[in-house]
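Sequential numbering of the sequence shown, starting at 958, is according to the numbering used here.
So the structure is just underneath, and the comments pick up after that.
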Amino acid sequence: MAACAPSGVVAPEEGQQPRQESAEQGQNVVQPVAQDSIIPTWKAYPRQWPQKAGVDWTKFPSLPPLNPRANAQVIHVAPDGDDGSGLGSFKSPLKSLRAALERATPGAWVVVRGGTYLEGDGDFIGVRLEKRHKGVVVTAYKGEEVIVKPANKDVTYGLEISGDDITVVGLKFEFSRVGATIGDAGRTMRNLVLARCAFDANAGILILPPPNPDRSPIIDGVLLHDVKVSGAEMGVSCNDGPCVNMRYEGLEVVGRASDAGSGADAVAAEAGDNIALIDVKVSGVGADGIDLKATRVAIANATISSVGRNGLKLWGGGDVFGTTIHKTGADASVVFGAGQYRLLHSVVAEHNYKGPTSYSMTVSYDEREPTSIEVANTVFWRNSGGVFFAPHAEVTLRNNVFSQIGNQRAFDHRELSVSTTDSPGGLKKADIGAETSLMNTKPGFADSDAGDFHIGPGSPLRDAGASLKTVPDFDADDAPRVVGKAPDVGAYEFSKAK
Ligand SMILES: [Ca+2]
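See below:
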């Protein structure tokens, strides 16, 4: 009956979703009809927020549509499929992703049913998406769990992507060495989307190529959306770069805590521009949490905890908002180089606490280039030391908490060395807005030992924040930033509704 219509529409059977079948064997133009989506709807993240870092939100790749466009090539893969006799249809699927990608033409959708796939026989990489796969979408079928594992012990890399405009949705890769390598040496690779993916490997996602001879970007356009990297010594790294126009939303990196002090970074870029991170969680990594040698960086609602070295390092300026950094080691929890920075509604806690004294934050420590920083509505609490602002830095402080600092030092700037025991009046001479600092205030966090930095109803941080301009209207819970007569200090606004 499919032969009656060119598009091969098959009436839906009772209780099944409608679909199309090609009558011609091997043609693989087999299409589920768009009454139901293949991909479930996306979690609604705030897509952008007001910031002063100069981020251009229009440059980031978008999430894929929930269905392939009409007439797209759609190839179905299922654990009970057959790479030899399968048509690649919904009813007659292939058995492996590799076989599907052999047949895929530009713009094809590879739709993978739930199950475990053993990929990469005869190769060291499980799944390859190459230049000829331009515009290809590889996606798990709605609501189903797809796990990709090595076909044998010689397959140690999960995914290699070297083509443009490629999207991978809903796949979990479990490989020994590397979850995914990205890039195509010698050129700029463009527009990669990894959504609802997970990588369990020694290194999560590596943007690997060496620098292009003309220093053009290695990659232009990356969206990581709801991506988890676990068991990793290294999380997501742009090794040489530059990597430009990258948005990481809902990225979680869970390292192997045993590597503390000796491992690699969780989220890093050696060179880059126009980078936005939102709801990024990093924990248990050996080296740095987030380390970006990049310009135009905006970070909202990050959580960085239990890292062997620095929590957050930015080298070319940036806006940081709603971010909690705690249980860090090394020379500082937050390291900012030269540039223009804002650290707003954040928490820097338990840096080397009860350990050797070191600054909780350093700003332009070794750099001499022009630097400015605004720190507002932020809590520095239970750190071994205070904050260092370089003498040449222009500093604005508003409504910050400095409390339970091991050496009782709030911050050092020029001739000032401000102690947490100084009276607020004594801070006026700093003329940097510090008179509103909340010294030695107990923040009243809900359960900081468990990493919960919400404040309770009795906290003095409630309504104690300054009103800030050009900031998100959401707090670190994605709830309204201002409740009551003023914003609360810290990452989370107290609300009875929560
Ligand atoms: Ca409030």
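Beta carbons: idealized from backbone N, C-alpha and C, even for Gly.
Taking the Cα positions, Gly1441 is about 17 Å away from Pro1429. Rounded to the nearest angstrom, the Cβ distance from Ile1235 to Cys1200 is 17 Å, too far for a contact under 8 Å. Per DSSP, Arg1060 is one residue of the alpha helix (DSSP H) stretching across Leu1054 to Arg1060. Within the DSSP bridge table, the entry for Pro1107 names Glu1076 as partners. The stretch 1133-1148 makes no contact with the stretch 1002-1010, as fewer than three CB pairs between them are under 8 Å.
If you check the CB distance, Phe1368 and Thr1281 do not come in under 7 Å. Exclusion of the five residues before and after Ser1262 leaves Ser1240, His1283, Lys1284 and Gly1408 as the residues of its chain whose Cβ lies within less than 6 Å of its Cβ. When DSSP states are grouped into helix, strand and coil, Ser1321 belongs to the coil group. DSSP places Ala1255 in the strand class (E or B) of the three-state scheme. In the three-state scheme derived from DSSP, where H, G and I count as helix and E and B as strand, Asp1245 is classed as coil. Beta-bridge partners of Pro1429 (DSSP): none assigned. DSSP, read as helix, strand or coil, puts Ala1407 in helix.
The stretch 1337-1356 makes no contact with the stretch 1432-1441: fewer than 3 CB pairs, one atom from each, lie closer than 8 Å.
In summary, Thr1124 is buried, with 16 or more beta-carbon neighbours lying within 10 Å of its beta-carbon over all protein chains present. By the beta-carbon neighbour count (other beta carbons within 10 angstroms, threshold 16), Ser1424 is exposed. Distance from the C-beta of Val1224 to the nearest heavy atom of ligand 1 is not below 6 Å.
Where Gly1161 is concerned, the enclosing beta strand (DSSP E) starts and stops at Ala1160 to Ile1164.
When DSSP states are grouped into helix, strand and coil, His1090 belongs to the helix group. In terms of side-chain proximity, the C-beta atom of Asp1434 is found no nearer than 6 Å to any non-hydrogen atom of ligand 1. Here Ala1443 is not near Gly1415, since their CB atoms are 7 Å or more apart. In this structure, Asn1356 lies near Asn1334, with their beta-carbon atoms less than 7 Å apart.
Taking C-beta separations shorter than 6 Å and ignoring five residues to either side along the sequence, the partners of Ser1187 in its chain run Asp1157 and Val1211, following chain order. For Gly1077, the closest C-alpha among the options Leu1249, Asn1109 and Leu1269 is that of Asn1109.
Secondary structure of Thr1124 (DSSP, three-state): strand. Short of 7 Å from the beta carbon of Lys1091, and not among the five residues preceding or following it, lie these beta carbons of its own chain, in chain order: Pro1063, Gly1120, Asp1121 and Asp1122.
With at least 16 other beta carbons inside 10 angstroms of its own, Ser1360 counts as buried. Taking C-alpha positions only, Glu1117 is separated from Lys1009 by approximately 35 Å. In this structure, Leu1418 sits away from Val1375, with a CB-CB distance that is not shorter than 7 Å. Close CB contacts of Tyr1298 within its chain, under the 8 Å cut and outside five residues either way in sequence, are with Leu1271, Gly1274, Gly1275, Asp1276, Val1277, Val1320, Thr1328, Ser1329, Ile1330 and Glu1331 (chain order). If you measure from each CB to the nearest heavy atom of ligand 1, the residues under 5 Å come out as Asp1420, Val1440, Gly1441 and Asp1445.
When rounded, the separation of the alpha-carbon atoms in Val1237 and Ala1061 is 33 Å.
Under DSSP, Lys1455 forms no beta bridge with any residue.
Residue state for Thr1281 is assigned as strand, using DSSP reduced to three classes. Sequence-distant Cβ neighbours of Pro1036 in its own chain, meaning closer than 6 Å and more than five residues away, are Gly1072.
Following the DSSP letters along the chain, one finds Lys1099 in no beta strand (DSSP E), marked with neither H nor E. Burial of Thr1377 is indicated by the presence of at least 16 other C-beta atoms within 10 angstroms of its C-beta.
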